[in-house]
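Here's the structure, in structure tokens; my notes come after.
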Amino acid sequence: MSKPFNSPERASKISAPYKVLCVCLGNICRSPTAEVILQQQALRAGLDIQVDSAGTSNYHPNKTPDSRSQRHAQAHGYDLSHLRARQLQLADFQDFDLILAMDHDNYADILRLKAQADQVNAKVALMSAHDAIYPKQALPDPYYGGADGFERVIAQCESSSAAWVKYWQSQGIG
1 MSKPFNSPER ASKISAPYKV LCVCLGNICR SPTAEVILQQ QALRAGLDIQ
51 VDSAGTSNYH PNKTPDSRSQ RHAQAHGYDL SHLRARQLQL ADFQDFDLIL
101 AMDHDNYADI LRLKAQADQV NAKVALMSAH DAIYPKQALP DPYYGGADGF
151 ERVIAQCESS SAAWVKYWQS QGIG
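Going by full-length UniProt numbering, the first residue of the sequence shown is number 1, and it counts up by one from there.
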């Protein structure tokens, strides 16, 4: 039997924020940048969206984002300094509504982990799933490259975030 529309349990679910998790490999370059940019764009659009980030690996537990990511983000008005790396957990598939992979390899890793989860609420998609400028393209990992890679991350995260905001608005999400 379903809950009445105005029941307290149903009301809290309706008013809860839509929760999104951005995921890359190490959670120190791409996904923290995506987290902050997506959160800011959702807030500017007046959407009730809560954004977090994680990595498929546990290479940098509790570390701040890469200093180069922080520097490039700061130059564009984004502050990553408060973030700390963490690894994607099975519970995330229940706790989040949407998990956004930064590239195809992480997308596959996320789906493998999702298959192990007992309870699943989250849908999984590429960060660029709705992006007309970078359609379904991987967000390249800038870790071993130069400044242009970090700038590309910001540009693609801005473009993909705007596309997600537009999609959520069209779907009445947030």
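Just so it is clear, CB atoms sit at the ideal spot from N, CA and C, and this is done for glycine as well.
Residue(s) in a DSSP beta bridge with residue i
i: aspartate 52; result: Leu21
i: isoleucine 99; result: Leu21 and Val124
i: glutamine 87; result: Gly55
Identity of the residue in the options nearest residue i by Cα
i: residue 184; options: Ala115, Thr33 and Tyr18; result: As displayed, the chain neither begins before 1 nor continues past 174, which places residue 184 out of reach and without an answer.
i: tryptophan 168; options: Gln87, Pro61 and Leu43; result: Leu43
i: aspartate 118; options: Gln39, Leu90, Tyr134 and Ala138; result: Leu90
i: histidine 104; options: Gly146, Leu83 and Ser128; result: Ser128
i: histidine 130; options: Gln87, Val51 and Trp164; result: Trp164
Contact under 7 Å by Cβ, residue i with residue j
i: valine 23; j: alanine 54; result: yes
i: residue 183; j: phenylalanine 96; result: Since the displayed the chain opens at 1 and closes at 174, residue 183 lies outside it and no answer follows.
i: tyrosine 18; j: isoleucine 173; result: yes
i: lysine 136; j: leucine 98; result: no
Residue i, buried or exposed, once every other Cβ within 10 Å from all chains shown has been counted against 16
i: alanine 162; result: buried
i: leucine 111; result: exposed
i: serine 7; result: Confidence at serine 7 is low in this model, with a pLDDT of 36, below 50, so its placement is unreliable and no value can be given for it.
i: arginine 10; result: Its pLDDT being 37, under 50, arginine 10 is placed unreliably in this model, and the coordinates cannot settle the point.
i: asparagine 27; result: buried
i: isoleucine 154; result: buried
i: arginine 30; result: buried
i: methionine 1; result: Annotation note: pLDDT 39 at methionine 1 (below 50); position unreliable, no value reported.
i: alanine 85; result: buried
i: isoleucine 49; result: buried
i: proline 142; result: buried
i: tyrosine 144; result: exposed
Jot down the residue ranges of each uninterrupted beta strand (DSSP E) in the segment 126-171, minimum 3 residues, whole runs only, in chain order.
Listed in chain order, there is nothing to give.
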